[in-house]
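Report on the structure given below.
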Amino acid sequence: MAELDRLRRAYREIGPDGSGHLSDDQWEWLASDEMTPVEKEEALDHILTCSECSVVYRGVMAVRMEAHTFDPGAPVPASHRRPARSGRWRGLMVGLAAAAAVVVAVLVVRPRTVPRPAAPGGSQPITLRSAGRLSAPTPVAPLGVLSSAPGAFSWQPVPGARGYLVELLDGDGEPLWRSGEVTDVRVAWPETVPAAPGRYYWRVLAVPQSGGAPVASELVSFEIGLSASRRSPGTPPSGRGAAHP
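Under my numbering, the first residue of the sequence shown carries the number 6, and numbering increases by one thereafter.
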């Protein structure tokens, strides 16, 4: 318990130094969906650029994507109205947020391991590597501000991956959709999700060939402009290329 308190104190001390890391309270508010839209956007903007907070947020989202399977009060990934949270669901997310603060504190406060010097005679010490660990996939598109709605998600292939999963979130960080496992490095925009103007977040997960937990990419964002509209592939914009009688 003393060690946990020490880590919490260390985390609180590094929060106000301009690093932008989410505070203990901010993680709790984000996890239990109690942030205002502006606060949530600022938090997600930081998470996108912070490797430590991104790791924590992936854990939070993994729980949120699956929580409805064991708690009916948890939010079901959807693009419409959120169901009410049960007390048990909020307790779970608050507990996860507290753990998140400790994880970030360990990542930031823990000193880096210094490489061991070479052994006499020029021989190098043996380095043990974990077998089967995949590299995190790299999202390719969509990214940034778009003049039209995206037709698909794409990413770079990962050696040793059996397949991939794509997760799409809305501008508030709420899950909208999760694809089935695909073997290609491209998956079409889901027909069940209207591509309305606004900000979105997404990531891709690589499924190991040997099984085990998928390896997630960093969470990335894109924004569909107000003038964008959904069109079928090959359909020209209104007024352009249309045949005249």
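Note that CB positions come from ideal geometry on N, CA and C, so glycine has one too.
One or two residues paired with residue i in a DSSP bridge
{"i": "I52", "result": "In DSSP, I52 forms no bridge with anything."}
{"i": "A211", "result": "Y169 and V220"}
{"i": "A193", "result": "A157"}
{"i": "P180", "result": "L174"}
{"i": "E47", "result": "Answer by DSSP bridge pairing: none, since E47 is not bridged."}
{"i": "A146", "result": "S159"}
{"i": "L231", "result": "L231 pairs with nothing; no bridge assigned."}
Nearest-angstrom Cα separation, counted from residue j out to residue i
{"i": "V220", "j": "S184", "result": "15 Å"}
{"i": "P241", "j": "A200", "result": "Only weak support is given to the placement of P241: the predicted model assigns it a pLDDT of 43, under 50, and the value that follows is read from those uncertain coordinates. Taking the straight line from one Cα to the other gives about 17 Å."}
{"i": "L151", "j": "W207", "result": "15 Å"}
{"i": "P142", "j": "Q161", "result": "6 Å"}
{"i": "Y205", "j": "G178", "result": "8 Å"}
{"i": "G165", "j": "G156", "result": "27 Å"}
{"i": "P147", "j": "G176", "result": "15 Å"}
{"i": "L174", "j": "G216", "result": "25 Å"}
Beta-carbon separation (whole angstroms), residue i vs residue j, contact threshold 8 Å
{"i": "W198", "j": "L181", "result": "According to the sequence displayed, residue 198 carries Val and not Trp. Right, their Cβ atoms sit about 5 Å apart."}
{"i": "L35", "j": "K45", "result": "7 Å"}
Residues near residue i by beta carbon distance below 6 Å, same chain, minus five either side
{"i": "S140", "result": "V163"}
{"i": "R167", "result": "V212 and Q214"}
{"i": "Y62", "result": "I52"}
Contacts around residue i, its chain only, beta-carbon distance under 7 Å, and the 5 residues preceding and following it disregarded
{"i": "A193", "result": "G156 and A157"}
{"i": "P202", "result": "I229, G230, L231 and A233"}
{"i": "S159", "result": "V145, A146, V190 and R191"}
{"i": "A48", "result": "L27, Q31, L35 and M40"}
Same chain, Cβ closer than 8 Å to residue i, neighbours up to 5 away in sequence not counted
{"i": "V225", "result": "L53, P144, L148, Y206, W207 and R208"}
At a cut of 8 Å, does the region 188 to 199 reach the region 56 to 63 through at least three beta carbon pairs? Verdict: no, contact absent.
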